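Q: Could you have a look at this structure, given as structure tokens, before my questions?
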Amino acid sequence: MDLLAAKERGLDAYMNRHKLDAVLFPGTTGATIAAKPGYPSVQVPGGFISGVGDRETPDYPLGVTFTGRAWSEAKLLRFAYAYEQATNARRPPPGLTAP
Numbered sequence: 010m011d012l013l014a015a016k017e018r019g020l021d022a023y024m025n026r027h028k029l030d031a032v033l034f035p036g037t038t039g040a041t042i043a044a045k046p047g048y049p050s051v052q053v054p055g056g057f058i059s060g061v062g063d064r065e066t067p068d069y070p071l072g073v074t075f076t077g078r079a080w081s082e083a084k085l086l087r088f089a090y091a092y093e094q095a096t097n098a099r100r101p102p103p104g105l106t107a108p
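Under the numbering used here, read the sequence shown as residues 10 to 108, first letter to last.
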């Protein structure tokens, strides 16, 4: 994928078409998509997932990635902070206590 496709025909076009300031992706997908054209992204805790593949599994942490336009780092940090405060998804691992 070339830079033109990644940028002008990719995220820029999508964000313009839908009038978005940022896109929210599950896990690290957004960071991967954003890296080639040089878009900023920030990942925060998004919650936990269990029962992967219809099996009993422990809860695994799942992050969410906010990806934005070039030079939108300040806006992304505000979005990510607001999301963290609203969801309170961060949970310490079992056996770890805060000082």
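Don't be surprised by glycine CBs; every beta carbon is placed ideally from N, CA and C.
If you're wondering where the values come from, they're calculated on a predicted model, not measured in any experiment.
Can you tell which of SER50, TYR48, LEU71 has its C-alpha closest to the C-alpha of SER109?
A: Missing from the structure shown is residue 109; the chain here goes from 10 to 108 and no further.
Q: For GLY104, count neighbouring Cβ atoms within 10 angstroms of its own Cβ and tell me buried if that reaches 16, exposed if not.
A: What you label residue 104 is simply residue 95 of the sequence shown in a count that begins at 1. It is exposed - the Cβ of GLY104 has fewer than 16 other Cβ atoms within 10 Å.
Q: Would you report the Cα separation of PRO49 and TYR90, rounded to the nearest angstrom?
A: Counting from 1 along the sequence shown, the entry for residue 49 is found at position 40. Counting from 1 along the sequence shown, the entry for residue 90 is found at position 81. PRO49 and TYR90 have their C-alpha atoms some 15 Å from each other.
Q: Expressed to the nearest angstrom, what Euclidean distance is found between the alpha-carbon atoms of ASN25 and THR106?
A: Sequence index remark: in the sequence shown, residue 25 carries index 16 (1-based). Sequence index remark: in the sequence shown, residue 106 carries index 97 (1-based). Looking at the two C-alpha atoms, the distance is approximately 45 Å.
Q: Using 8 Å as the threshold, is the stretch 28-37 in touch with the stretch 74-84, meaning 3 or more CB pairs across them?
A: Using a Cβ-Cβ distance cut-off of 8 Å, the stretch 28-37 and the stretch 74-84 are in contact, since at least three pairs of beta carbons, one from each stretch, lie closer than that value.
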